[in-house]
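So the sequences go chain by chain: A and B. The numbering of the first sequence is this note's numbering, which starts it at 1 and goes up by one. The numbering of the second sequence is this note's numbering, which starts it at 1 and goes up by one. Structure first, then comments.
2 protein chains.
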Amino acid sequence: MELSERKQKILAAVVEQYIKTGEPVGSKVLLDSLDMSVSSATIRNEMSDLVMLGYLDQPHTSAGRVPTHLGYRYYVDNLMKNGELNEETRRLIDAGVETSAGDPERLLEHAGEVLAYLTKCAAVMTTPAGESARIKRVELVPISSRTVMIVLLTSNGILRSKLCRMDMGITTSMCETFYNIADAALIGVPVRNITPAYLQSLAATLGMETLSMFPLLSTVADLSQSAIQSQVMLEGQSNLLHHREYEGRAYELLEFLSREDPLEQLIGQSRSDFEIRIGKENIFPQLENSSLILAKYSIGEDGGGSIGIIGPTRIDYPRLIPSLKYISGLISETMQKALED
Amino acid sequence: MELSERKQKILAAVVEQYIKTGEPVGSKVLLDSLDMSVSSATIRNEMSDLVMLGYLDQPHTSAGRVPTHLGYRYYVDNLMKNGELNEETRRLIDAGVETSAGDPERLLEHAGEVLAYLTKCAAVMTTPAGESARIKRVELVPISSRTVMIVLLTSNGILRSKLCRMDMGITTSMCETFYNIADAALIGVPVRNITPAYLQSLAATLGMETLSMFPLLSTVADLSQSAIQSQVMLEGQSNLLHHREYEGRAYELLEFLSREDPLEQLIGQSRSDFEIRIGKENIFPQLENSSLILAKYSIGEDGGGSIGIIGPTRIDYPRLIPSLKYISGLISETMQKALED
DNA sequence: TTTAGCACTCTTATCATTCGAGTGCTAACT
DNA sequence: AGTTAGCACTCGAATGATAAGAGTGCTAAA
Chain A
1 MELSERKQKI
11 LAAVVEQYIK
21 TGEPVGSKVL
31 LDSLDMSVSS
41 ATIRNEMSDL
51 VMLGYLDQPH
61 TSAGRVPTHL
71 GYRYYVDNLM
81 KNGELNEETR
91 RLIDAGVETS
101 AGDPERLLEH
111 AGEVLAYLTK
121 CAAVMTTPAG
131 ESARIKRVEL
141 VPISSRTVMI
151 VLLTSNGILR
161 SKLCRMDMGI
171 TTSMCETFYN
181 IADAALIGVP
191 VRNITPAYLQ
201 SLAATLGMET
211 LSMFPLLSTV
221 ADLSQSAIQS
231 QVMLEGQSNL
241 LHHREYEGRA
251 YELLEFLSRE
261 DPLEQLIGQS
271 RSDFEIRIGK
281 ENIFPQLENS
291 SLILAKYSIG
301 EDGGGSIGII
311 GPTRIDYPRL
321 IPSLKYISGL
331 ISETMQKALE
341 D
Chain B
1 MELSERKQKI
11 LAAVVEQYIK
21 TGEPVGSKVL
31 LDSLDMSVSS
41 ATIRNEMSDL
51 VMLGYLDQPH
61 TSAGRVPTHL
71 GYRYYVDNLM
81 KNGELNEETR
91 RLIDAGVETS
101 AGDPERLLEH
111 AGEVLAYLTK
121 CAAVMTTPAG
131 ESARIKRVEL
141 VPISSRTVMI
151 VLLTSNGILR
161 SKLCRMDMGI
171 TTSMCETFYN
181 IADAALIGVP
191 VRNITPAYLQ
201 SLAATLGMET
211 LSMFPLLSTV
221 ADLSQSAIQS
231 QVMLEGQSNL
241 LHHREYEGRA
251 YELLEFLSRE
261 DPLEQLIGQS
271 RSDFEIRIGK
281 ENIFPQLENS
291 SLILAKYSIG
301 EDGGGSIGII
311 GPTRIDYPRL
321 IPSLKYISGL
331 ISETMQKALE
341 D
């Protein structure tokens, strides 16, 4: 849909004004902020058209105009000029991220905190996905006579552990057997291949002696399972309460955000490196008044995850997008540096 | 402060009625729920006394009465009869906790979820404190030519890991040296003893060869540090938004809860096994309209942590306390079972 | 000491009124 | 054909008056 230059100018002005004030914007206010040499009546006509086209909405007949999600979309795609990342912000981000290079999860957590602080929105992060990760190491740690802790480490640095309780006492020979099996049939195997079916076939090959191994092996499968699933983290939920648009309606959103499954789904849908989903563009009805901005960070060829912000549709896109892009880039860089060499 | 039996009866009735409805309770309503053979005027007189004594408050001259934090306190200490844990609730708790016996953190998380669901409040949990824990195992896992992951396991089952980046390449001899040091001077040492000072003295004893070990050792110190600190977890924050008393005021509380440090402090203060802090009894002003109910769970002699709920002062104490006690008992039991033998 | 009765207080809901921001339309103008 | 001034109109927000209702405190009698 092509818009005349003047309509574009007006639409941009409405969006920007509304982002700034949160009040429906009328033709008079626009006159000031636009320094065009036209009258308010002309602007009214143009705005009326924009309403027809679906880019603007008016809460009631005698109110100013408010952008629809289509309006925001047009603005974001065609009109918006991304702001510069100011020096102070950059420093803040650097400081937040650099402190915790050693631990991916902590790194993400800190990045989320900074992001939430900067944007006054909620930040979501996913831990690096282990899609193509392989098992790097499996350790057995005796805890008591009948309990061992199994520790699993994957090639992309994910560490998972779980207790496993055995029916009989744990012997060194059992451990040896287990390590043998592990060396032969677990180490180096892609995590996603470690399925119950795989274990079945393993048991068949190895015969009787694996019987006592079964609890251990199935624990390994559990761990593999949980290593694949990238966890979702959330920071700064309470920031959302500051925004007028959620007044009284905050519960639905916060409740939605507090459940991991839908959140995972939400973020998992994304395929591109950078994505903005505005209001009703989101599939989940709980987000129909919110915008999601997602950026991917990457580690090496295959690995990576996402970091993003969730806030009202009336969010300061031009200011926040550069921050998010910078932060995701920095995460990629930092994680890469830690892992590769 | 001794109260006449009738005053006690009235106080109890006011508290219970207010818990049920959230409306200031007047003398008439009390008449019904009290089936005493007195008139409303008598009750009014008594209530007037209770206001003088500080147990009740009235929002304005012609409103009913509302319990003060002293009123709740008197009720909780002297008047309340704990309810029975109903069968369905017990089953729900059992189901929530049993599913994840293998992993202490996950166990707590699930317990918190169930608790939040049952109480419609926020649930807080701390991971088992490692006060007297010892280092059980230290592992070096090469990640790349210059990066190793160090994994620390303590006697109470806490697992921590961190990447450590070295200036020079990692050799097998370095690893051997490290393991030797670890065996000699780390394994079995109480975690809280692993301080920078301890490492200094270690370096002095071992001489030059430890120089290259220093990054590794100080990472071990970091990990020990973080193993000591029991983490605080939070579930069901969004539940709080349901309560009228937080309407419009929710931000302060949620913001407070989202910060780990004060939360840790809050829970750390507790010394007894079971504790109730009502409204202004809390030190933090953000909690002056909230109640905290905390129960300790224990593992063995020394270890343990807390689980509790945070909600409005107008909380259904008699119903929720049994649930909390049951859940904390179950956590103790389950964790114990997993670790000991 | 208790109680009935009653005047009084304060909140809440409702409704009419007003005010003002902003619109849409029309007719005139360039 | 597009633009503009002018004006009637709409709708929400604010204001204020009024009424209803809940609950109290006090007084005088039982």
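By construction, the Cβ of each residue, glycine as well, lies at the ideal position given by its N, Cα and C atoms. Bear in mind that the values here come from a model prediction, so they are computed numbers and not experimental data.
Measure from the alpha carbon of residue i to the alpha carbon of each residue in the options, then state which is nearest.
i	options	result
A/D222	A/Q269, A/D183, A/I170, A/V191	A/V191
B/V189	B/T172, B/L159, B/T154	B/T154
A/M80	A/A13, A/A95, A/H110	A/A13
A/G26	A/Q58, A/D261, A/M213, A/G169	A/Q58
B/S212	B/R165, B/M52, B/L115, B/L11	B/R165
B/L294	B/S272, B/R65, B/G71	B/S272
A/T313	A/H69, A/A203, A/L241, A/M233	A/H69
B/G303	B/M335, B/F274, B/I309, B/S161	B/M335
B/G22	B/V148, B/M174, B/A41, B/P67	B/P67
A/V220	A/I150, A/N239, A/A123, A/D77	A/I150
A/A116	A/L320, A/K337, A/S37	A/L320
B/R244	B/L159, B/D167, B/I181, B/K120	B/K120
A/L85	A/K337, A/E5, A/A338, A/P318	A/P318
B/R91	B/R106, B/G71, B/E105, B/L118	B/L118
A/L292	A/G248, A/P24, A/F178, A/E275	A/E275
B/T89	B/V114, B/T126, B/L266, B/V29	B/V114
B/G279	B/Y198, B/S298, B/G71, B/A197	B/G71
B/L128	B/G311, B/R277, B/S290, B/E264	Looking at the sequence provided, one finds Pro at residue 128 of chain B rather than Leu. Comparing Cα positions, the closest option is B/E264.
B/S290	B/A122, B/A338, B/S306, B/P262	B/A122
A/R106	A/E87, A/R249, A/V232	A/V232
B/Y297	B/E288, B/E46, B/L330	B/L330
A/G305	A/L206, A/Y179, A/P104, A/I93	A/P104
B/N82	B/L50, B/E16, B/V29, B/L31	B/E16
A/E235	A/P215, A/G311, A/V124	A/V124
B/V138	B/S270, B/D49, B/L217	B/L217
B/R44	B/I19, B/K20, B/Y18, B/L11	B/L11
B/S4	B/I309, B/K20, B/S33, B/L53	B/L53
Taking DSSP as the reference, what is the three-state secondary structure of residue i?
i	result
A/F274	strand
B/R65	strand
A/I187	coil
B/V29	helix
A/G329	helix
B/G311	strand
A/S226	helix
B/I194	coil
A/V15	helix
A/V38	coil
B/E235	strand
A/S4	coil
B/G71	helix
B/L56	strand
Residues of the region 151-166 of chain A with a CB closer than 8 Å to any CB of chain B: list them in chain order, please. V151, L153, G157, L159, S161, K162, L163, C164, R165
Whole alpha helix (DSSP H) elements within the region 91-170 of chain A, 4-residue minimum: 104-119
In chain order, what residues of the region 271-293 of chain A put their CB closer than 7 Å to some CB of chain B? none
Contact between the region 250-261 of chain B and the region 277-292 of chain B: three or more CB pairs below 8 Å? yes
Suppose only complete runs of 3+ residues qualify. What are the beta strand (DSSP E) ranges in the region 252-296 of chain A, listed by chain order? 274-278
Are the region 61-76 of chain B and the region 96-114 of chain B in contact at 8 Å, needing three or more beta carbon pairs? no
Does the contact criterion of 3 or more C-beta pairs under 8 Å hold for the region 143-160 of chain A versus the region 311-326 of chain A? no
Using a Cβ-Cβ cutoff of 7 Å, what residues of the region 247-269 of chain B are near chain A? List them in chain order. A250, Y251, L254, E255, S258
Three or more beta-carbon pairs under 8 Å between the region 221-236 of chain A and the region 123-142 of chain A, yes or no? yes
Members of the region 124-151 of chain A near chain B, C-beta cut-off 8 Å: K136, R137, E139, V141, I143, S144, S145, R146, T147, M149, V151
Quick one: which residues of the region 44-74 of chain A get their C-beta closer than 8 Å to a C-beta of chain B? List them in chain order. none
Residues in the region 194-214 of chain B with C-beta within 7 Å of chain A's C-beta atoms, listed in sequence order? none
Is it a yes or a no for the region 139-146 of chain B touching the region 170-182 of chain B, going by three-plus beta-carbon pairs under 8 Å? yes
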